[in-house]
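Engineer: Quick one: the structure is below, and I'll ask about it shortly.
Numbering (full-length UniProt numbering), first residue to last: 1 to 165.
Put into structure tokens, the structure is as follows:
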């Protein structure tokens, strides 16, 4: 049975699309695309169908990723039942998600940086109001945490993938 992973930030134009594209590449490189689906959303619906922030897109491109066609979307109530893991970038997003999430699905919520192996941060800082260096740092944080998240999923759910025919 496939696992569905959703990355969530405020506007779905910087951090969560970056996490989505990085995690998709990790999943693809591992040969697990059949078993892990990835998406992203924002907690504030004012950014519906906006393209990724040009600075995030430029940083992604510099690192061999393409988020230029990404269109933002709002987090919706159906996401809580569909996704198996819903990953927040910061505490404000987590607070919003907890308020919106049905109690039966609260166990699915998690903070991305808890999976980081090399950075001891609680949150992924929002680079929106920062300079280009901020986007570079955030990319490194997200990349590291996504690798840890993939390892967590593989270690905890690979039995389900093996027996899924």
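Cβ atoms here follow ideal geometry from the backbone N, Cα and C, with glycine treated the same way.
Three or more C-beta pairs closer than 8 Å, one from the region 40-57 and one from the region 11-28: is that the case here?
Structural biologist: These segments touch.
Engineer: Along the chain, where does the beta strand (DSSP E) containing residue 111 start, and where does it finish?
Structural biologist: Here residue 111 refers to the residue found at position 111 of the chain shown. Where residue 111 is concerned, the enclosing beta strand (DSSP E) stretches over 109-111.
Engineer: Taking the straight line between their C-alpha atoms, what separation do you get for residue 169 and residue 108?
Structural biologist: Missing from the structure shown is residue 169; the chain here goes from 1 to 165 and no further.
Engineer: Just curious, the alpha helix (DSSP H) that residue 93 is in, first and last residue?
Structural biologist: Here residue 93 refers to the residue found at position 93 when the chain shown is read from its first residue. 91-100 is the extent of the alpha helix (DSSP H) around residue 93.
Engineer: Looking at the strands, I want to know which residues DSSP matches up with residue 39.
Structural biologist: Taking the first residue of the chain shown as position 1, residue 39 is located at position 39. Paired residues: 6.
Engineer: Note down, in chain order, each residue of its chain lying with its Cβ closer than 7 Å to the Cβ of residue 124, except the 5 sequence neighbours on either side.
Structural biologist: Numbered from 1 along the chain shown, position 124 holds the residue referred to as residue 124. Taken in chain order, the residues that qualify are 15, 89, 90, 112, 113, 138, 141, 142.
Engineer: Quick one: Cα of residue 132 to Cα of residue 59, how far?
Structural biologist: If you number the chain shown from 1, residue 132 lands on position 132. If you number the chain shown from 1, residue 59 lands on position 59. The straight-line gap from Cα to Cα measures roughly 8 Å.
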